[in-house]
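Just so you know, we're using the numbering used here here: the sequence shown kicks off at 3 and counts up by one.
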Amino acid sequence: YEVFRDMGIAFAVVLVLIYVLVVGWFRSFVTPLIIMAPIPLTLIGILPAHALGGVFFTATSMIGFIALAGIIVRNSILLVDFINLELAAGEKLEEAVIKAGVVRFRPIALTAAALVVGGLVILLDPIFQGLAVALISGVVVSTALTLVVIPLLYYMYVKTVGVDKVATQLEA
Numbered sequence: 003y004e005v006f007r008d009m010g011i012a013f014a015v016v017l018v019l020i021y022v023l024v025v026g027w028f029r030s031f032v033t034p035l036i037i038m039a040p041i042p043l044t045l046i047g048i049l050p051a052h053a054l055g056g057v058f059f060t061a062t063s064m065i066g067f068i069a070l071a072g073i074i075v076r077n078s079i080l081l082v083d084f085i086n087l088e089l090a091a092g093e094k095l096e097e098a099v100i101k102a103g104v105v106r107f108r109p110i111a112l113t114a115a116a117l118v119v120g121g122l123v124i125l126l127d128p129i130f131q132g133l134a135v136a137l138i139s140g141v142v143v144s145t146a147l148t149l150v151v152i153p154l155l156y157y158m159y160v161k162t163v164g165v166d167k168v169a170t171q172l173e174a
């Protein structure tokens with residue numbers, strides 16, 4: 003119980019630090035929320051994989067979940083930053099969103115594939131099996147969902163506040 007409590011506290015601290023870093027980078031309080039939205043999506047892969055594999059959700063599984071937060075945020079930043087660069091270059095919002103998914107797909111997929119390969123190495127280790135299951139299943143599911151969710155959420159956000167407001171935040 004105490005281990006999971008401490009891991010939960012560590013995870014909360016990580017989320018706050020990620021939020022603060024992304025606020026500083028994008029000069030927006032809403033954009034980091036969009037960027038961090040896919041973090042819970044890792045659980046869509048992690049929890050069923052543990053259940054189907056008969057693997058207990060252990061402290062190492064929780065470490066994998068925390069590590070995935072950073073990886074998924076990185077993927078989200080790649081997409082949002084590319085959309086912003088395209089908007090700054092005068093591209094229409096719809097085109098910028100589509101182009102971001104197409105252009106950033108390969109680096110995002112390669113990062114996920116590298117993590118899966120690294121996770122396979124420790125999958126059969128009894129101590130680190132939970133970590134491997136969390137990393138592999140979490141990154142596969144959340145990467146696929148991030149490529150859909152982030153462009154969709156950011157498109158809706160920019161459409162709501164307007165391209166001019168987003169451009170003003172970027173210039174500040």
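Backbone N, C-alpha and C define an ideal beta-carbon position, used for all residues, glycine too.
What does the Cβ neighbour count give for Tyr156, buried or exposed, with the cut at 16 atoms within 10 Å?
Your numbering for residue 156 matches position 154 in the sequence shown. By the 10 Å Cβ count, Tyr156 comes out buried.
Thinking C-alpha only, which one of Val168, Gly72, Lys94 and Leu45 is nearest Val15?
Counted from its first residue, the sequence shown places residue 15 at position 13. Minimum Cα distance to Val15 is reached at Gly72.
Which class does Thr60 belong to by DSSP, given the choice of helix, strand or coil?
As a position in the sequence shown, residue 60 is number 58, starting the count at 1. Three-state result, Thr60: coil.
Considering only the beta carbon of each residue, do Val143 and Ile46 sit closer than 7 Å?
The count along the sequence shown starts at 1 and reaches residue 143 at position 141. The count along the sequence shown starts at 1 and reaches residue 46 at position 44. Yes, the Cβ-Cβ distance between Val143 and Ile46 is below 7 Å.
Distance check for Met158 and Glu96, CA to CA, integer angstroms please.
On the sequence shown, position 94 is the one that residue 96 refers to. On the sequence shown, position 156 is the one that residue 158 refers to. Looking at the two C-alpha atoms, the distance is approximately 10 Å.
With DSSP as the reference, label Ile124 as helix, strand or coil.
By 1-based counting over the sequence shown, the position of residue 124 is 122. Note: Ile124 maps to helix in three-state DSSP.
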